[in-house]
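First the structure, in the form of structure tokens, and then the observations on it.
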């Protein structure tokens, strides 16, 4: 059984990587997301959107992944924007105050529009 | 009339992160049997996941030959999860809880599990292995 899947697309005109996550993001699967974001950052793509639309579950291991990269991407005029979070996923971010540090959007398109023109 | 205590048959699994999904499934199934509301079931599964992830990665250091035991009892007033292990005793209640303002300023990325557990559960008790038992027990309680 696959408990977690991840797909990425690169929006060339806006220079944004969109990472779609699905399933269960926990201490077992968080390294996959970390690898995907690291790949984007190493390619110099610091404008990142994570689409949570199909995510069923997140634990603190998943939240920690965003903390690993947020300083580096912002130092390079980028950001990690979070979008389309189901309520049960948002509630975990909210429990720890993460909405203070991260911009969270209802839709991926809203997050895309929030990046300034490259 | 209060419900008599109901015991769910325990789960015992090798201490690997791949088993976190089975542990959460066990908790969710018991929560459904107990008739726990969705939000509470989700909170308990999260707390148990955090406790077991800490055991696997920090206490057992990913040693797959070690085991984690999880057992559940419930009554009409509380839902109780006991997690047992044989690692070096560590009471999570003695771990300093992070100040989230400093956590964000310092861009830290570990150490949120115990804080999450304390935020979603009503009580957390820890009993280390003694001469009487050879395993540590963490008890997580959700009031109903």
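Protein chains in written order, with our numbering: chain A, 1 to 118; chain B, 119 to 262.
Positions of the beta carbon are idealized from the N, C-alpha and C atoms, including for glycine.
Keep in mind that this is a model prediction, so the values were computed, not measured.
In three-state DSSP terms, what is residue 38/A?
Indexing the first chain from 1 puts residue 38/A at position 38. Helix at residue 38/A.
Below 8 Å between beta carbons is the criterion; list the residues of the region 227-247 of chain B that meet it against any residue of chain A, in chain order.
So the list reads 227, 228, 230, 231, 233, 234, 237, 238, given in the order they occur along the chain.
Quick one: give me the first and last residue of the beta strand (DSSP E) that residue 253/B is part of.
Position 135 of the second chain holds residue 253/B. Per DSSP, residue 253/B belongs to no beta strand (DSSP E) and is neither H nor E.
Do residue 30/A and residue 64/A have their beta-carbon atoms positioned less than 8 Å apart in this structure?
If you number the first chain from 1, residue 64/A lands on position 64. If you number the first chain from 1, residue 30/A lands on position 30. It is a contact, given that the beta carbons lie within the stated cut-off.
At what residues does the beta strand (DSSP E) containing residue 205/B begin and finish?
Residue 205/B sits at position 87 when you count from the first residue of the second chain. From DSSP, residue 205/B is part of no beta strand (DSSP E); its letter is neither H nor E.
Using a threshold of 8 Å, state whether the C-beta atoms of residue 32/A and residue 58/A are closer than that.
Position 32 of the first chain holds residue 32/A. Position 58 of the first chain holds residue 58/A. Not a contact, by the Cβ cut-off of 8 Å.
Within a Cβ cutoff of 6 Å, which residues of the same chain sit near residue 190/B, ignoring the five residues on either side of it in sequence?
Here residue 190/B refers to the residue found at position 72 when the second chain is read from its first residue. The residues are 126, 148, 199.
Please state if the CB of residue 86/A and the CB of residue 55/A are separated by a distance shorter than 8 Å.
As a first step, residue 55/A must be located in the first chain, where it is residue number 55. As a first step, residue 86/A must be located in the first chain, where it is residue number 86. For residue 55/A and residue 86/A, yes; Cβs fall inside 8 Å.
Within 8 Å (strictly less), CB to CB, does residue 26/A reach chain D?
This model lacks chain D altogether, as its protein chains are A and B.
Pick out the complete beta strand (DSSP E) segments inside the region 155-232 of chain B, 3 residues or longer, and give them in chain order.
Annotation note: the region 155-232 of chain B contains the following uninterrupted beta strand (DSSP E) runs of length 3 or greater, listed N- to C-terminal: 185-192, 196-203.
Check the Cβ-Cβ distances between residue 85/A and every residue of chain B, and say whether any is below 8 Å.
What you label residue 85/A is simply residue 85 of the first chain in a count that begins at 1. Interface criterion not met: the Cβ of residue 85/A is under 8 Å from no Cβ in chain B.
Let me see if you follow: with CB-CB separation under 8 Å, is residue 173/B close to chain A or not?
Within the second chain, numbered from 1, the residue matching residue 173/B stands at position 55. Using a Cβ-Cβ cut-off of 8 Å, residue 173/B does not count as an interface residue toward chain A, since no Cβ of chain A sits closer than that to its own.
If you measure from the beta carbon of residue 222/B to each beta carbon in chain A, is any gap under 8 Å?
As a position in the second chain, residue 222/B is number 104, starting the count at 1. True, the Cβ-Cβ gap to chain A drops below 8 Å.
Against residue 136/B, what residues of chain A qualify as contacts under a CB-to-CB distance less than 8 Å, listed in chain order?
Along the second chain, read from residue 1 onward, the residue named residue 136/B stands at position 18. Within chain A, the residues 28 have their CB atoms less than 8 Å from the CB of residue 136/B, given in chain order.
Distance, Cα to Cα, residue 66/A vs residue 93/A?
Walking along the first chain from the start, residue 66/A turns up at place 66. Walking along the first chain from the start, residue 93/A turns up at place 93. Distance between the alpha carbons of residue 66/A and residue 93/A: 11 Å.
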